[in-house]
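All letters in the sequence shown, in the order written, are residues 37 to 515 by our numbering.
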Amino acid sequence: MKIFVIWPFKESEISILFSELEKNGHEVVYWVGLKEGEKYKPTGAVFHDHNDAWVGLPSKEVDASSFVPPDEELLKKLHKTESYLLTMMNKRYYYMSVDERKHFYYNMLQYWKGVIDKYKPDLIIFPTIPHTVYNYLIYELAILFNIKTVMFEDIQVGERILLYNIWEEGCLDLKKKLIMNKDKIFLLTDLSSDLQEYFNLQTKDGRGDATPPYMSHYKKVYTGVNFFRHKFKIIINAIKNGSILKRVLDFIVKIKKNPQKEYNKLQIKPDYSKSFVYIALCYQPERTTSPQGGVFVDQILMIETLSAALPEGWVLYVKEHPSQMWLNGLNYSSCRYEGYYKRIAQLKNTHIIPVETNSFELIKKSQAVATVTGTVGWEAALRMKPAIIFGYAWYHDCPGIFRVNSAQTCRQVFSDITNGFSIRKQDIINYLKSIDNVAVNSQIDRISGSILRPSKLSNSEMMTNITKAIIKNIKKIIN
């Protein structure tokens, strides 16, 4: 097989993957990595720096002069892709107008269509669900031209990742295992020790604080003393580069009008005596909404849909993702524009609540939890609480998870809930057992340089486990 590896990596462990692919008779013909790791490039492969690809620059090793612009037929076939990519550009190209974003996409499409035509890959490997403009475009081109794909999702359940071929379909091995395990009775002790520990942490006395490690990290960096240290560094750098006056003037403007001020003005304390749905917004821009949210990358559309279907006497409590404030501060953005929270608060029976409201308490007191793909849906299921999701969350096959896409499907879910729907602890244990059976022991983020989560495995062991899963999946594809 000819293989593209779209894996921004600079560490030596990438050689484990390249070596095993070669041993199994496959040829890596194109690698998007990080320039610091170019020395690990397989012999004969084209190297493309991830940061160059991100800004639309071609590989220095590719002559793209003969690549032609996309024609109308191709653009029509990729209408959905174009819509997704325009929202993904909120992450790095927020300053571009819609027309500028569209033309940037056309130029990127010209290059990657030309590369695929020239090197003719049989398989494209991604570390995770593509969500950077260029790699998502590569993925959609692969689907269009029937090129096989492999990727993973780091589910942060113990040290587990799931393998996907098409991310919208989820993990097919997990789906099969769920069917096999459906009527079995597994005990908690049948799970691996780390999954037993994870389950107990989540469910201990109904109050287990299982805050994801990355959230604890960001909270530490962007609150308290560390927040002031962070701001002090910004001030020092602004003095050094001469931008301090501009920053001071911008700050004065933002003090008068900013998203935090807008949010705080509208928020109310939740009344737990009411029947309510707890809506946890996802951080944006990020993979969890684009592409995994589909059309519900517009989270206000999700809230409007729920509001239109809400049972009489129920209310919606909407809470912003803490990282949205920590990482963006007083800045409005393409994802949280001026008036964003006002639009939410004006919806029928809908209330914005303080960001610091305890999420686990909200789950416990709610009738249901709703999110696009957020971890809160999985946390709800673990606490035997029904969860409504609008996107493609990794846990969408778990008992107690309702995937919806309209007011009509929401009404049906609310009907089920009010008529006594319940989740059994046994169903959750069986689900975890199925994960235990099929998931790969590894962490995608950690081996890419992140140290947010501790591990009993070395980076080399994690990459070896990933590589074995890829080789096994390729053999399945070939056969």
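Here a beta-carbon is modelled for each residue, glycine too, at the ideal position from N, C-alpha and C.
In this structure, the straight-line span from the alpha carbon of D226 to that of K220 is close to 12 Å. A distance below 6 Å between beta-carbons, with the five flanking residues on each side excluded, links A316 to the following residues of its chain, in chain order: K355, T407, G410 and V412. With fewer than 16 other Cβ atoms from the protein chains shown falling within 10 Å of its own Cβ, Q444 counts as exposed.
Residues of the same chain with a CB within less than 8 Å of the CB of Q232, apart from the 5 flanking positions on each side, are L224 and T225 in chain order.
Sequence-distant partners of A416 (beyond 5 residues in either direction) whose C-beta falls short of 6 Å from its own C-beta, in its chain, are I399, V405 and A423. Burial state of Q360 is buried, judged by a 10 Å Cβ sphere holding 16 or more other Cβ atoms.
Around V449, the same chain offers I424, F438 and V440 as residues with beta carbons nearer than 7 Å, after the five sequence neighbours per side are excluded. The three-state reading of DSSP puts L227 in coil, since its state is none of H, G, I, E or B.
Note on geometry: alpha-carbon atoms of F162 and Y299 lie some 37 Å from one another.
Put simply, of Y377, E397, F40 and L342 the residue whose alpha carbon is nearest the alpha carbon of A178 is F40. Cβ neighbours of K149 within its own chain (closer than 8 Å, five residues either side excluded): F103, P106, L110 and L177. Note on N126: 16 or more other CB atoms within 10 angstroms of its CB, so buried under the neighbour-count rule. Inclusion of W203 and M187 in the CB contact set at 8 Å is warranted, their separation being smaller than that value. Of the candidates I459, I453 and V169, I453 places its Cα closest to the Cα of W350. Taken atom to atom, the span from the alpha-carbon of A505 to that of N495 is near 16 Å. Under the three-state reduction of DSSP output, F188 falls in the strand class.
Under the Cβ criterion (8 Å, minimum of three pairs), the region 302-317 counts as touching the region 387-399. Checking the DSSP bridge columns, you'll see Y66 partnered with F40 and V82. Sixteen is the threshold: since fewer than 16 other Cβ atoms of the shown chains lie within 10 Å of the Cβ of E58, the residue is exposed.
In this structure, the alpha-carbon of F396 lies about 12 Å from that of W414.
The Cβ-Cβ distance between I50 and G80 does not fall below 8 Å. In this structure, the straight-line span from the alpha carbon of I165 to that of T324 is close to 10 Å. In terms of CA proximity to N473, L198 leads the group T500, L198 and P327. If the five residues before and after N466 are omitted, its C-beta is found closer than 6 Å to the C-beta atoms of N217 and F222, all from its own chain and listed in chain order. For V354, the enclosing beta strand (DSSP E) begins and ends at V351 to K355.
With a 10 Å radius around the Cβ and a threshold of 16 neighbouring Cβ atoms, K184 comes out buried. When only Cα atoms are considered, N201 and L468 end up about 21 Å apart. In this structure, the beta-carbon distance from S95 to H84 falls below 8 Å. Distances from the alpha-carbon of K384 to those of V134, Y172 and E340 put E340 closest.
V405 has Y314 and A423 as its beta-bridge partners, per DSSP. The beta carbons of G69 and K46 sit closer together than 8 Å.
For H115, the enclosing alpha helix (DSSP H) starts and ends at H115 to M124.
Where F438 is concerned, the enclosing beta strand (DSSP E) starts and stops at I437 to R439.
The three-state reading of DSSP puts I197 in strand, counting E and B together.
In the displayed model, N385 falls within coil according to three-state DSSP, outside both helix and strand.
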